[in-house]
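Numbering (the numbering used here), first residue to last: 213 to 447.
Every residue gets a Cβ at the ideal spot worked out from N, C-alpha and C, and that includes glycine.
Here the structure is a predicted model, which is why all the values come from computation and not from measurement.
Worksheet for the structure shown next.
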Amino acid sequence: MSDIHGFSLALRAVLADLATRPPVDEVVVAGDLCRVGPAPGEVVAILRDWASPVPLTVLVGNTDRDVVDDAAEPGAPPDLVVDQLGEDGVGYLASLPFERRVTPPGGTSPDDDLLVVHANPHDLDRKLRPEMSDRALREVIGDTRAAVIAFGHHHVTFVRPLGETTLVDVSAVGNPKDGELSCRYSILGWDDSVREWTVEQRRLPYPVEETAAQIRASDLPDPEGTLQTLLRASY
C-alpha cells in the first residue's frame, strides 16, 4: 500500500479489509504517510504501534522527506504535520528506508524479485504513469532488474507489463487520483508452479462521511478545500 497522506480512517479501512483476507507474509507501506490529510500523527502512531505478527516494512516517500526537511529549516512557519509528529515522529520519518526487495521462495535474485519503492527505483520524485511510452518508462527505471516493481506516488492504480518486468501502481490508500474515490491496496503473491507473481488490486468503499467530519474538526488551514480535493479524486 502507499500514499496514506494523513487519512487515518482510510488506512484503518485498508487494514480492516486486509485482516479478512488469507494471511500474508509481510505488509509494505511505500511511503507518503502524512502530508495533506487531517491526522498525520494518528497514521504514524498506527504504523509505529503495529502489533500484528505479520512483519511491517514502511518506506520513505517524497512528502515524508519534505516533512523532515521542513522540520529542520530554521525559522520555518508552524506546520500541522511537524506539530502532530513532534521531534520523535519526525525522526521516525527520517529513519525510513528507500526500498524493500523480496526474493520469493525458490526464486533467483534479482530477476524473480519483487521490488517495492515509493516512486521509482532511483528517486522519490519522478513518476511512472500508465500513459507513458515503454521508452519513457525505461528511462525512469534504468537498468533495474526485478520481476515486479510495485510503487505509488502517482495515485493512479494500474498494472503494466514492461519487457520482463511488471509495473504495479498500488496507490492510493488516502487520496486516489483516477476519478474514483476508494481506498486502494494490492496483494502480491508468488506462484511457484509457474514462477510468476500474481497481483490482486483491492478497492474499498471510502469512509467519506467520517473523514469529512475529521477534516472539518482538524487544524488544517483549508479544511473545505482539502475535502473538495479529496472528493474530486483527480488531478
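task = Would you decide whether D215 is buried or exposed? Buried here means 16 or more other CB atoms lie within 10 Å of its CB.
result = buried
inquiry  = Going by beta-carbon coordinates alone, are I399 and V236 separated by less than 9 angstroms?
reply    = yes
key: For P234 and F370, the rounded distance between their alpha carbons   = Rounded to whole angstroms, F370 and P234 show a C-alpha spacing of 23 angstroms.
query = Does the beta-carbon distance from G416 to A225 come in below 9 angstroms?
reply = It should be pointed out that residue 416 corresponds to Leu in this sequence rather than to Gly. A contact, by the Cβ cut-off of 9 angstroms.
query = If you draw a straight line from the C-alpha of H365 to the C-alpha of V406, how long is it?
reply = 30 angstroms
ask   = What whole-angstrom Cβ distance do R313 and L292 have, given they're in contact under 8 angstroms?
value = The Cβ separation is near 34 angstroms, so there is no contact.
inquiry  = Can you look up R312 in the DSSP assignment and give me helix, strand or coil?
reply    = strand
ask   = Along the chain, where does the alpha helix (DSSP H) that runs through T441 open and close?
value = P435 to R444
inquiry  = Once the 5 residues before and after A222 are set aside, which same chain residues still bring their CB inside 6 angstroms of it?
reply    = V385, G386 and C395
Residue from Y418, Q440, E392 and V240 whose Cα sits closest to the Cα of F310 = V240
message = Measuring alpha carbon to alpha carbon, tell me which residue in M213, H330 and V279 is nearest V273.
response = The residue asked about is misnamed: residue 273 is Gly in this sequence, not Val. Taking only the C-alpha atoms, the option nearest G273 is H330.
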